[in-house]
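To start, the structure itself, in structure tokens.
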Amino acid sequence: GLEERFTKVLNKLGKKKKLNERNISDGIREIKLALLEADVNYKVVRDFVAELKDDATGELVIKNVNPTQMFVKVVHDKLVDFMGGTNEDLKITGKNASVIMLVGLQGSGKTTTAAKLAQFAKKKKEKSVALVGADIYRPAAQDQLEVLSKQINVPFYGGGLKEKPEKIVKGALKQYRDQDVIIIDTAGRLQIDDEMMKELEQIKKQTKPDEILFVSDAMAGQSVVDVVSEFDNRLGISGVILTKFDSDARGGAALSIKRVTGAPIKFIGVGEKIDDLEPFHPERIAGRILG
Amino acid sequence: SLSIRNELDDFYDDIEEILVTGDVGIETTLEILESFKSKTEEDTIENQENLTGKFKQVLIDTIPQKEFELSDNKINIIFVFGVNGVGKTTSIGKLANLFKEQGKRVLIAACDTFRAAASKQLAKWAYSIDVQIVKHTEGASPGAVLYDAIDAAIARKMDVLIVDTAGRFHNRNNLMQELDKLNKILDKKIQDCKKQNLIVLDANTGHNAFVQAKEFKEVIPVDGIILAKLDSTAKGGIVLPISHKLNIPVFFAGIGEKAEDLIKFDRIDFINMLF
Ligand SMILES: Nc1nc2c(ncn2[C@@H]2O[C@H](COP(=O)(O)OP(=O)(O)OP(=O)(O)O)[C@@H](O)[C@H]2O)c(=O)[nH]1
Ligand SMILES: Nc1nc2c(ncn2[C@@H]2O[C@H](COP(=O)(O)OP(=O)(O)OP(=O)(O)O)[C@@H](O)[C@H]2O)c(=O)[nH]1
Ligand SMILES: [Mg+2]
Ligand SMILES: [Mg+2]
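Chains as they are written, first to last, in the numbering used here: chain A, 36 to 326; chain B, 29 to 303.
So this is what it looks like as structure tokens:
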């Protein structure tokens, strides 16, 4: 992990127990490498490292008895701070019906996460929930969400592929206006697909969501910054869910997304089952990104 | 001279940014730069355009260009796997469509019996491109579907059998063992065939795509890659470390969600797109 790498760097510089400008810059280089290997975006790493240099060359680090541990702590704390301090909850307003809309690239885990969120709202928050399948493109997308809805005994509204998504969500909001929460699953799409992004704008206009959650998987690479910026510019992202955190992906996308949108990361997906959803805790993810 | 040195530094900084933001990975980027610098005479540095061209050629030469081929006189087995959501099922639909257009008799096996509506998704693909499919009900054992599909492929004298599997991460030991078991069934049950194991990778994935290729390869042979979602803004640069360190060829790229959105991977176009 990062601690071992720092130890190697500082040991290379001989028996000096104290840090100075020169060996801090070697430590900074190790951080840059570690963050890039963790898939944090190149420009986000540059910014992070520049801020870190200012912090680290302050009195605090130089005077400390165990410079390696102190340096790792400075980096770790800065990372946690970058990723938004504490965990933020799901916005369920208490007046019917709170609408949550899930958006993102193809295959990121939206449909599975929609069901997980419904389960979370039902079991942990004791709310009534309805699931809406607004993906009319992917073969058997509606079937997929319907099967999951049945598993957790939550009503499903799908429009049977005969209606456009804008009409589907309109019908769903009418039929389930007495539920506490309505969760809308949308089709995966590229942020550069103007027609499909317009469709999301239409769905937003139609449903006035309380939450628009961007769903990305934890293994996303450098381009996630371009993706989430565009979704944010066009729709306004109120929160983020990162899926597939049960993989061994380092998850640097978490830092990139948070830096670029400022939106809180609310949950992480940690498996394929409906209960595999956890609230996001920055300290744990910071440790994982640093390796 | 100092000005050449400074221009060179700028050039290498630009290259580093291009490669890293293209998901080549910092480790491989630094290795490639190191090796290029050591082979490039500083006093014979030509203008930046020529240097970029030279650099691109080095990258192109790193990538194996291998043609995907079907056998004309034995049954072809294509075993498809990869982590969750990368595009396996969709890529199989595209492949089946491609081979059908080439006049082959194609059968698809729906061996993802785990995920909600997975078999139904593949069945809808089969129906839309008019290709035969073997599937069971959800919760059936993937091995059982595979046995049935193999029998059907032989009995119906199919040219190609394509096997879809459930998404799985390489750090899930029990799921990797299941994959190994399915691979062994194929190896044991069909003696005279041409079998190709293809991993599907998502072009949006960062460094983990390399780990996926490496770890899957430690469990079963990986003969080639389908790089899906190359129509996104991601560059799929992970192909470089995979080529360099694992030597697995990329056979196809997915460039969209429809049946025709599959192209032969071309390393020259790929490197040009990276820049
Ligand atoms: N291991 C793991 N798999 C997940 C997780 N979340 C989703 N998946 C799997 O990822 C795959 C894709 O999930 P979907 O819910 O179909 O993704 P999607 O975003 O709805 O896909 P599109 O609708 O095609 O854009 C499925 O195999 C899911 O079971 C997670 O947290 N961990
Ligand atoms: N834009 C684009 N989307 C793709 C491509 N290939 C697949 N997709 C989409 O990615 C999503 C996931 O595709 P699937 O074929 O279900 O992926 P999978 O690997 O079978 O997923 P699991 O079985 O759940 O692990 C779907 O929405 C596909 O339409 C591609 O080349 N380009
Ligand atoms: Mg979906
Ligand atoms: Mg599939």
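Heads up, the beta-carbon is just placed ideally off N, CA and C, and yes, glycines get one too.
Mind checking if Gln160 of chain B is an interface residue toward chain A, Cβ cutoff 7 angstroms exclusive?
-> Residue mapping note: residue 160 of chain B aligns to position 132 of the second sequence, counting from 1. Chain A contact via Cβ: absent.
State the start and end residues of the unbroken beta strand (DSSP E) segment that holds Ile105 of chain B.
-> Your numbering for residue 105 of chain B matches position 77 in the second sequence. Per DSSP, Ile105 of chain B belongs to the beta strand (DSSP E) from 103–109.
Asn131 of chain A: which of A:Glu56, A:Leu114, A:Ile217, A:Asn76 sits nearest, CA to CA?
-> What you label residue 131 of chain A is simply residue 96 of the first sequence in a count that begins at 1. Out of A:Glu56, A:Leu114, A:Ile217, A:Asn76, A:Ile217 has the C-alpha closest to the C-alpha of Asn131 of chain A.
According to the Cβ coordinates, are Gly195 of chain B and Val111 of chain B closer than 7 angstroms?
-> What you label residue 195 of chain B is simply residue 167 of the second sequence in a count that begins at 1. What you label residue 111 of chain B is simply residue 83 of the second sequence in a count that begins at 1. Taking 7 angstroms as the Cβ cut-off, Gly195 of chain B and Val111 of chain B qualify as a contacting pair.
Same chain, Cβ closer than 7 angstroms to Gly28 of chain A, neighbours up to 5 away in sequence not counted = Here chain A covers residues 36 to 326 and nothing more, so residue 28 of chain A does not appear.
List in chain order: all unbroken beta strand (DSSP E) runs of 3+ residues lying wholly within the segment 142–176 of chain B.
-> 160–162
In or out: Ala69 of chain A buried (at least 16 other Cβ within 10 Å) or exposed?
-> Reading the first sequence from its first residue, position 34 is the one you call residue 69 of chain A. Ala69 of chain A comes out buried.
Residues from the segment 44–72 of chain B in contact with chain A, defined by Cβ distance under 8 angstroms = Glu45, Val48, Thr49, Gly50, Asp51, Gly53, Ile54, Glu55
Let me know the alpha helix (DSSP H) ranges lying completely inside the segment 240–287 of chain A, each 4 residues or longer, listed in chain order.
-> 259–270
Just mark Tyr155 of chain B as buried or exposed, buried being the case when its beta carbon has 16 or more other beta carbons within 10 Å.
-> Here the question's residue 155 of chain B lines up with position 127 in the second sequence. With fewer than 16 Cβ atoms within 10 Å of its Cβ, Tyr155 of chain B is classed as exposed.
Which residues in the same chain have their Cβ closer than 8 angstroms to the Cβ of Val295 of chain A, if we skip the five residues on either side of it in sequence?
-> The sequence position of residue 295 of chain A within the first sequence is 260, counting from 1. Cβ within range, chain order: Asn76, Val79, Val260, Val263, Ser264, Asp267.
Does the segment 295–313 of chain A come within contact of the segment 35–51 of chain B, defined as at least 3 CB pairs closer than 8 angstroms?
-> no
Within 6 angstroms: the Cβ of Thr278 of chain A and any heavy atom of ligand 3?
-> What you label residue 278 of chain A is simply residue 243 of the first sequence in a count that begins at 1. Flag unset: Cβ of Thr278 of chain A not near ligand 3.
With which residues is Arg292 of chain B paired in a DSSP beta bridge?
-> What you label residue 292 of chain B is simply residue 264 of the second sequence in a count that begins at 1. One point to set straight first is that residue 292 of chain B is Lys, not Arg, in the sequence displayed. Per DSSP, B:Phe280.
Where the segment 187–210 of chain B meets chain A: residues whose CB sits under 7 angstroms from a CB there = Phe197, Asn199
Taking buried to mean at least 16 other C-beta atoms within 10 Å of its own C-beta, is Asp90 of chain A buried or exposed?
-> What you label residue 90 of chain A is simply residue 55 of the first sequence in a count that begins at 1. Classification for Asp90 of chain A: exposed.
Bridge partner(s) assigned by DSSP for Asp192 of chain B | In the second sequence, the residue the question calls residue 192 of chain B occupies position 164. Paired residue(s): B:Ala138.
Neighbour flag for Gly282 of chain B against chain A, beta carbons, 7 angstroms | As a working note, residue 282 of chain B is residue 254 in the second sequence. No - not a single Cβ of chain A is within 7 angstroms of the one on Gly282 of chain B.
Report the residue ranges of all beta strand (DSSP E) runs contained in full by the segment 186–224 of chain A; include only those spanning at least 3 residues, in chain order.
-> 216–220
Measure the alpha-carbon distance for Cys221 of chain B versus Ala183 of chain B and round it to whole angstroms.
-> Residue 221 of chain B sits at position 193 when you count from the first residue of the second sequence. Residue 183 of chain B sits at position 155 when you count from the first residue of the second sequence. If you take the alpha carbons of Cys221 of chain B and Ala183 of chain B, they lie about 14 angstroms apart.
Beta-carbon of His235 of chain B versus every beta-carbon of chain A: anything under 7 angstroms?
-> To locate residue 235 of chain B, count along the second sequence from 1; it is residue 207. At least one chain A Cβ lies under 7 angstroms of His235 of chain B.
Proximal residues, the segment 103–116 of chain B versus chain A, C-beta separation under 9 angstroms = Val111, Asn112, Gly113, Val114, Gly115
Once you ignore the five residues that flank Phe315 of chain A on each side, which residues in its own chain have a CB closer than 7 angstroms to its CB?
-> The residue labelled residue 315 of chain A in the question sits at position 280 within the first sequence. Counting only Cβ-Cβ distances below 7 angstroms, and skipping sequence neighbours, we find Asn122, Ile300, Lys301, Phe302, Ile303.
Neighbouring residues, chain B, relative to Leu71 of chain A (Cβ below 7 angstroms) | On the first sequence, residue 71 of chain A is found 36 positions in, with the first residue counted as 1. What Leu71 of chain A touches in chain B: Val48, Ile54.
How about Ser260 of chain B: is its C-beta nearer than 7 angstroms to some C-beta of chain A?
-> In the second sequence, counting from the first residue as 1, residue 260 of chain B sits at position 232. Yes, its Cβ sits closer than 7 angstroms to a Cβ of chain A.
Beta-carbon contacts of Leu255 of chain B that lie in its chain and below 6 angstroms, excluding the five residues immediately before and after = Taking the second sequence and counting its residues from 1, one reaches residue 255 of chain B at position 227. The residues are Leu229, Ala231, Gly264, Val278, Ala281.
Beta-carbon proximity check, Ile106 of chain B vs Ile161 of chain B, cutoff 7 angstroms | Numbered from 1 along the second sequence, position 78 holds the residue referred to as residue 106 of chain B. Numbered from 1 along the second sequence, position 133 holds the residue referred to as residue 161 of chain B. No.
Taking Cβ to Cβ, would you say Glu313 of chain A is nearer than 7 angstroms to Val305 of chain A?
-> The residue you call residue 313 of chain A lines up with position 278 of the first sequence. The residue you call residue 305 of chain A lines up with position 270 of the first sequence. A contact, by the Cβ cut-off of 7 angstroms.
Indicate whether the contact test is met: 3 or more Cβ pairs, each with one atom in the segment 161–178 of chain B and one in the segment 108–123 of chain B, closer than 8 angstroms.
-> no
Taking 7 angstroms as the CB-CB cut-off, is Gly286 of chain A touching chain B?
-> Residue 286 of chain A sits at position 251 when you count from the first residue of the first sequence. False, the Cβ-Cβ gap to chain B never drops below 7 angstroms.
Show which residues of chain D have a CB atom less than 7 angstroms away from the CB atom of Val239 of chain B.
-> Among the protein chains in the structure shown, which are A and B, there is no chain D.
For ligand 2, is there a heavy atom less than 6 angstroms away from the beta-carbon of Asp259 of chain B?
-> Within the second sequence, the letter at position 231 stands for residue 259 of chain B. It does: the Cβ of Asp259 of chain B is within 6 angstroms (strictly closer) of some heavy atom of ligand 2.
Is the beta carbon of Lys151 of chain A within less than 6 angstroms of some heavy atom of ligand 3?
-> In the first sequence, residue 151 of chain A corresponds to position 116, counting from 1. It does not: the Cβ of Lys151 of chain A is nowhere closer than 6 angstroms to a heavy atom of ligand 3.
Between the segment 117–147 of chain A and chain B, which residues of the former have a C-beta closer than 9 angstroms to a C-beta of the latter?
-> Leu140, Gln141, Gly142, Ser143, Gly144, Thr146, Thr147
Can you list the residues of chain B that Val262 of chain A reaches, using a CB-CB cut of under 9 angstroms?
-> Translated into positions along the first sequence, residue 262 of chain A becomes position 227. Neighbours of Val262 of chain A on chain B, chain order: Asn232, Ser260, Thr261, Ala262.
Please list the partners that Asp4 of chain A has in chain B, where partner means a Cβ-to-Cβ separation under 7 angstroms.
-> Since the displayed chain A opens at 36 and closes at 326, residue 4 of chain A lies outside it and no answer follows.
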